[in-house]
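Asks: Sharing a structure with you now.
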Amino acid sequence: MAIVGYFAEFYVSDEAGASDFNGGGPRFSANGGPVDSTIFASVAAGGLEISHGIGWTDVQVDDWIVWDVGNVLANGQEWRRVTSIAGLPASFTVHAAVNGAAAGGPGITIYVGGHWATANHAAGNTVGTDCEVDATSLNSSGYPPRVNVKGYAPGVYDHSGILFNGSGSSGRIATYEGYETEAGDRCPNGIRPVLLDNANMLLELGIPEYYSIVLFDCYMTGDHDMVGCTNPNTSEFNTFTDCRFTKSGASTNKNWVTPDINSSFFMGCEFISTTPNIFYMEASQSNFFGCLVEGGLGSIPVIGGPGVIDLRDGSSFLFSIAVNRDGHNTTEIYVGDYSIVLNCIVYCDSVLGIHTDQEDSIVENTIVYCDQQFEFYFQVDGVPCRNCRAYDVGIVPFRWDRGYINCVVEDSRLYDITNNRYQLGPNSPCIDAVDPDTFLFMSDIASSVMKLDIGPLQLRRRTKAVSPVTN
Amino acid sequence: MGFTNFYVSKEPGASDNNGGGPRDDGTGGYVDTSATATVDATGKIIAHGGVGWADVEVDDWIVWDVNNVLLNGQEWRRVTNIAALPVSFTIDAAVNGAAPGGPVEVIVGGHWLTVNHPLGNTALTDCEVIRTSIDHHALPTYPPRVNVKGYALGVNDYTEDIIVNSSGPVTYEGYETEAGDRCPNGVRPVVRLGVAAFLVDLNSYDRRLFGFFRFRQVATKNLCGSGGGAFSSEGNVFYNCWFDWDSNSGGSHALFDVSLFGTNYLDCEISITNAGTGSIGSYFYYSKLIRCLFRGGNAIITGVCLLTHGSLAEFCIFKDGTTWFAPTPYPGCALGNGSKAINCIVYNCKNGFYAYNTSGSVQVINSIAYDNTVEGFVGFSGLDWKNNCAFGNGIDFSITLRPNRYTDSFVADPLFRDAAAGDFRLDAGSPCIGEAALLFPFIDRVSESTSRLDIGVFQTGSVLGKPGQVQD
Chain R
54 MAIVGYFAEF
64 YVSDEAGASD
74 FNGGGPRFSA
84 NGGPVDSTIF
94 ASVAAGGLEI
104 SHGIGWTDVQ
114 VDDWIVWDVG
124 NVLANGQEWR
134 RVTSIAGLPA
144 SFTVHAAVNG
154 AAAGGPGITI
164 YVGGHWATAN
174 HAAGNTVGTD
184 CEVDATSLNS
194 SGYPPRVNVK
204 GYAPGVYDHS
214 GILFNGSGSS
224 GRIATYEGYE
234 TEAGDRCPNG
244 IRPVLLDNAN
254 MLLELGIPEY
264 YSIVLFDCYM
274 TGDHDMVGCT
284 NPNTSEFNTF
294 TDCRFTKSGA
304 STNKNWVTPD
314 INSSFFMGCE
324 FISTTPNIFY
334 MEASQSNFFG
344 CLVEGGLGSI
354 PVIGGPGVID
364 LRDGSSFLFS
374 IAVNRDGHNT
384 TEIYVGDYSI
394 VLNCIVYCDS
404 VLGIHTDQED
414 SIVENTIVYC
424 DQQFEFYFQV
434 DGVPCRNCRA
444 YDVGIVPFRW
454 DRGYINCVVE
464 DSRLYDITNN
474 RYQLGPNSPC
484 IDAVDPDTFL
494 FMSDIASSVM
504 KLDIGPLQLR
514 RRTKAVSPVT
524 N
Chain U
609 MGFTNFYVSK
619 EPGASDNNGG
629 GPRDDGTGGY
639 VDTSATATVD
649 ATGKIIAHGG
659 VGWADVEVDD
669 WIVWDVNNVL
679 LNGQEWRRVT
689 NIAALPVSFT
699 IDAAVNGAAP
709 GGPVEVIVGG
719 HWLTVNHPLG
729 NTALTDCEVI
739 RTSIDHHALP
749 TYPPRVNVKG
759 YALGVNDYTE
769 DIIVNSSGPV
779 TYEGYETEAG
789 DRCPNGVRPV
799 VRLGVAAFLV
809 DLNSYDRRLF
819 GFFRFRQVAT
829 KNLCGSGGGA
839 FSSEGNVFYN
849 CWFDWDSNSG
859 GSHALFDVSL
869 FGTNYLDCEI
879 SITNAGTGSI
889 GSYFYYSKLI
899 RCLFRGGNAI
909 ITGVCLLTHG
919 SLAEFCIFKD
929 GTTWFAPTPY
939 PGCALGNGSK
949 AINCIVYNCK
959 NGFYAYNTSG
969 SVQVINSIAY
979 DNTVEGFVGF
989 SGLDWKNNCA
999 FGNGIDFSIT
1009 LRPNRYTDSF
1019 VADPLFRDAA
1029 AGDFRLDAGS
1039 PCIGEAALLF
1049 PFIDRVSEST
1059 SRLDIGVFQT
1069 GSVLGKPGQV
1079 QD
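Residue numbers (the working numbering), protein chains in the order written: chain R, 54 to 524; chain U, 609 to 1080.
Following this line, the structure appears as structure tokens:
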């Protein structure tokens, strides 16, 4: 089995903290020169030994560098943090085969080397420097900036804000990626750094602005929206991967997510309210996949009011978990117009678990534990609600609507829900319980029915003999 | 689970919130809500005899009971024999959500009329639904629901547009003609063999179509799109529908286009028969495609399907886009502007998953490219596509055309049971089982609850990981 999982090209940095498309520290000046692409080599199938000293003469401890143990591209250790200058190797070998060339075939062109610098961002945020990313920090090839942020503890190198200046930078990928301060692999792989404190993250975006944002462990303590900006509908198509948004302190009536960043995508993100203030997310045309939302309170905490998670305008909450044990008189998930909840868990003592008054919404394969009143509260008829489970300790598990299909009141037997262990326990009735009629009517694939567990966490035994590379 | 309210129709084909045929005129009277009853825990026997279904005819649908009208999944039945109508039926309060012994108010009865729509489409009649056909029940106003009798091809075909310049929500639901449960539950009816567009000149929101099945487009119009311009409707929901276009009919228009932005497609099949050079395929803006099949379609960029502007495809299959005619992408699934494909398959196309820009981070995750002639995954500089499987493509993971990063991905036969025959289930021993991206890996509060799907569309279930076994 051939394994892929590598950077296809490496660029040599000829300046400190150069940006490159494989990752790089922010340029120290707004008009930093282009990445040097002149130092490249044609690598035959036998590989090519590359001496160091080219491109990383300015390497410092805590920088990251292309590093090799045996095979620079295939062993998952392509990038390593420099913990000792003296430990830098004299050379490393790039193997052409793992870059896609046929064995014994002609060489392919590889730009070798590359490192990025660690930025401490010690003194706030200034246009063109520090955390700010704008178009001028892109290299000449148009590759997006990548800001690798040294790990912090709260109060150390706090940032007053990460400002994406909208001028001309739309369509770029800006990746903020923290890494741990202890020796080890590149992030994410463990304890994540604190990156942001007491400020907005996105401000004054223009129209349109497209960003891919990888952000770890953001702590929000100020009276700000976590992800949004001051003008409505000013940015879309942002992507947030493996981010953590935490709200605590005295802030009230603020959003984790606002409609300002409509059509955004959150994957593997965590939204935590550590105090029972009015934190909520109002999503517009946005998608959440594999996310956790814990705590929070709707903006209007009454029955039928907006939810802690407010899905509107075709938003979706997929394979995700919502937990709220603050006892608020509120709705946990409001499913607005043509929005979708699929394979989720809602565990709350809110009044309403999932509420909708929109007949074009869809709820499927979802488990709700709601120990106050209503697990599923559908105020309109015809909402397709299939394969759902309510653990009824409230008043009415399935309220109104005629669209409940294969929905049952029973204990889903989650492993230990009170201790945040949400996987299906032994003999859970949710195992393989998704109605397998999916694709039954499709002309070409009628025999391919789905077997899926209810809820986000699927029981599987991995069978592949060789694990893919983790990089 | 059951219906909590039933409304009595006092006119043929009344619209009501449980479903009903279209009103025969635009000013049809109110749904009769006077026939209400309080049902206690012991249930209540409701006699028929003219309340609401004096006008019942064969092929109408009616509330019908076998022991328990609400719980047995047989709530609605087609009337095949007037003489067989029951004298009475019982509504049980308990299944209406009342606590044992507690009362609940139920408005009883209800049926809907079957409409044949034999002669085209005229404003305020037949298939056309406009705002005035919504009933006048107290808020929230209930949308009209058109239940369309099943057809065979050539029987009761439509030759006109179905929805023209209408506004407001509407649901079309087909059902089978054989005795049985309400649709969808088996062989579904052909609704239209038309010579015109399906949705024309939309100008508002919320057209919903459930169980609409089997369209064939034989004219030079988009199958589902506006004849009046881009971005003319959003918020449509297509559920369990099959849209089919015979490309030999001519024309060069997309099945779906930008005019229907922000639309959801759930369990739909979108196919092009006899795909030729004019078969553009579909492109989607701000839309979600879940458990859909796309077959056929050939165009330079759109290929079989194009996702853009934050669109999302999950558990979808894109196949059979091989009739291409120039060395340009023709992908099974083209992506741009922040769009994502998760747990999808591209099979038998030219290129598989193809990013045409990086805006907003186009991503492909947990997906399989299989037997595509040129390249399986074609990313873009700076993107990182994770947990994908490629096999049998000309080049499985492209790094020459578009330098991309493919994390936790691999080249191996996914062991489909029979891809050529459309069986994309993973066979035992497939390397894709349990190899999807780990859910919740870095989320502190659920770190013990990590989970994986299978790569691809069809999940193997817990057969290989029964309860009690170690879950990783």
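Glycine residues also receive a C-beta, built at the ideal position from the N, C-alpha and C atoms.
Keeping to the same chain, check which residues put their C-beta closer than 8 Å to that of isoleucine 973 (chain U); ignore five residues upstream and five downstream.
Replies: Counting only Cβ-Cβ distances below 8 Å, and skipping sequence neighbours, we find Lys948, Ala949, Ile950, Asn951, Trp993, Lys994, Asn995, Asn996, Ala1044 and Ala1045.
Asks: Please go through the same chain and pick out, in chain order, the residues whose beta-carbon is closer than 8 Å to the beta-carbon of glutamine 511 (chain R), but skip the five residues on each side of it.
Replies: Leu505.
Asks: Measuring CA to CA, which of U:Lys958, U:Asn959, U:Gly929 and U:Gln971 is closest to asparagine 945 (chain U)?
Replies: Closest option to asparagine 945 (chain U), Cα to Cα, is U:Gln971.
Asks: According to DSSP, what are the bridge partners of histidine 381 (chain R)?
Replies: Its beta-bridge partners do not exist; DSSP assigns none.
Asks: Methionine 495 (chain R) touches chain U at which residues, Cβ-Cβ below 7 Å?
Replies: Under the 7 Å cutoff, chain U gives Glu877 and Leu901.
Asks: If you follow the beta strand (DSSP E) that valine 866 (chain U) is part of, which residue opens it and which one closes it?
Replies: Per DSSP, valine 866 (chain U) belongs to no beta strand (DSSP E) and is neither H nor E.
Asks: Quick check on asparagine 340 (chain R): buried or exposed, where buried means 16 or more other Cβ atoms within 10 Å of its Cβ?
Replies: Buried, because 16 or more other Cβ atoms sit within 10 Å of the Cβ of asparagine 340 (chain R).
Asks: Going along the stretch 460-488 of chain R in order, which residues come within less than 8 Å of chain U, judged by CB to CB distance?
Replies: Cβ contacts with chain U come from Cys460, Tyr468, Asn473, Arg474, Tyr475, Gln476, Leu477, Gly478, Pro479, Asn480, Ser481, Ile484 and Asp485.
Asks: Using 8 Å as the limit for Cβ to Cβ distance, is tyrosine 387 (chain R) near chain U?
Replies: Not an interface residue.
Asks: Quick check on this structure: which residue in R:Phe332, R:Glu323, R:Gln411 and R:Asn473 has the alpha carbon closest to the alpha carbon of threonine 311 (chain R)?
Replies: Answer by Cα proximity: R:Phe332.
Asks: Can you tell me which residues form a DSSP beta bridge with histidine 408 (chain R)?
Replies: Answer is R:Tyr387 and R:Tyr430.
Asks: Using only CA atoms, which one of R:Glu385, R:Ser414 and R:Leu405 lies nearest to glycine 367 (chain R)?
Replies: Ranking the options by Cα distance to glycine 367 (chain R), first place goes to R:Ser414.
Asks: Could you give the C-beta distance for phenylalanine 1005 (chain U) and phenylalanine 1024 (chain U), rounded to a whole number, given that I count them as a contact under 8 Å?
Replies: Not a contact, Cβ separation roughly 19 Å.
Asks: For a quick check, are the C-beta atoms of proline 359 (chain R) and glycine 351 (chain R) less than 8 Å apart?
Replies: Yes.
Asks: Check the Cβ of glycine 1030 (chain U) against every Cβ in chain R and list those closer than 9 Å, keeping chain order.
Replies: Residues of chain R passing the Cβ test: Met495, Ser496, Asp497, Ile498, Ala499, Ser500 and Ser501.
Asks: List the endpoints of the continuous beta strand (DSSP E) containing glycine 960 (chain U).
Replies: First-last of the beta strand (DSSP E) with glycine 960 (chain U): 959-963.
Asks: Starting from arginine 1025 (chain U), trace the beta strand (DSSP E) both ways and give me its first and last residue.
Replies: Looking at the DSSP string, the run of the beta strand (DSSP E) that includes arginine 1025 (chain U) is 1024-1026.
Asks: According to DSSP, is aspartate 1031 (chain U) helix, strand or coil?
Replies: In this structure, aspartate 1031 (chain U) counts as strand in the three-state DSSP scheme.
Asks: Taking C-beta pairs closer than 7 Å, name the residues in chain U that threonine 491 (chain R) reaches, listed in chain order.
Replies: Within chain U, the residues near threonine 491 (chain R) are Asp875 and Arg899.
Asks: List, in order along the chain, the chain U residues whose C-beta lies closer than 7 Å to that of leucine 345 (chain R)?
Replies: Within 7 Å Cβ-Cβ: Phe1048, Ile1051, Arg1053 and Val1054.
Asks: Tell me which residue opens and which closes the beta strand (DSSP E) that phenylalanine 926 (chain U) is part of.
Replies: Phenylalanine 926 (chain U) -> beta strand (DSSP E) spans 925-927.
Asks: Residues of chain R with CB under 8 Å from glycine 904 (chain U), in chain order?
Replies: Simply none; closest approach about 10 Å.
Asks: Identify which residue in R:Glu412, R:Phe324 and R:Val399 has its Cα closest to the Cα of valine 376 (chain R).
Replies: Answer by Cα proximity: R:Val399.
Asks: Quick check: the Cα distance between isoleucine 314 (chain R) and serine 373 (chain R), rounded to an integer number of angstroms?
Replies: Going from the Cα of isoleucine 314 (chain R) to the Cα of serine 373 (chain R) covers about 20 Å.
Asks: Using the three-state DSSP reduction, which class does asparagine 472 (chain R) fall into: helix, strand or coil?
Replies: Asparagine 472 (chain R) falls in the helix class under three-state DSSP.
Asks: For the beta strand (DSSP E) that contains isoleucine 420 (chain R), what are its first and last residues?
Replies: Element bounds for isoleucine 420 (chain R): 420-423.
Asks: Strictly by DSSP, which residues pair up with alanine 977 (chain U)?
Replies: The partner list for alanine 977 (chain U) (beta bridge, DSSP) reads U:Val954 and U:Ala998.
Asks: Under 8 Å, Cβ to Cβ, is there at least one residue of chain R near glycine 1000 (chain U)?
Replies: For glycine 1000 (chain U), the answer is no, since every Cβ of chain R falls outside 8 Å of its Cβ.
Asks: Using 10 angstroms around the beta-carbon of aspartate 865 (chain U), count the other beta-carbons present and answer buried if the total reaches 16, otherwise exposed.
Replies: Buried is the call here.
Asks: Under 8 Å between C-beta atoms, does asparagine 340 (chain R) make it to chain U?
Replies: For asparagine 340 (chain R), the answer is yes, since a Cβ of chain U falls inside 8 Å of its Cβ.
Asks: So is glycine 78 (chain R) buried or exposed if we call it buried at 16+ other beta carbons inside 10 Å?
Replies: Summary for glycine 78 (chain R): the model assigns pLDDT 31, below 50, so the residue's position carries little reliability, and this model does not support an answer.
Asks: Taking aspartate 875 (chain U) as the reference, which of U:Leu817, U:Trp853 and U:Gly960 has the closest Cα?
Replies: It is U:Leu817 whose Cα lies nearest to the Cα of aspartate 875 (chain U).
Asks: Would you say the beta carbon of isoleucine 507 (chain R) comes nearer than 7 Å to a heavy atom of the ligand SAM?
Replies: Only the bare structure without any ligand can be found here, which leaves the ligand SAM out of the picture.
Asks: With DSSP run on the structure shown, which of helix, strand or coil describes glutamate 842 (chain U)?
Replies: Strand, per DSSP.
Asks: If I follow the unbroken beta strand (DSSP E) through threonine 294 (chain R), where does it start and stop?
Replies: Segment 292-294, the beta strand (DSSP E) holding threonine 294 (chain R).
Asks: How is the beta strand (DSSP E) around leucine 943 (chain U) delimited, first residue to last?
Replies: Here the beta strand (DSSP E) through leucine 943 (chain U) covers 939-943.
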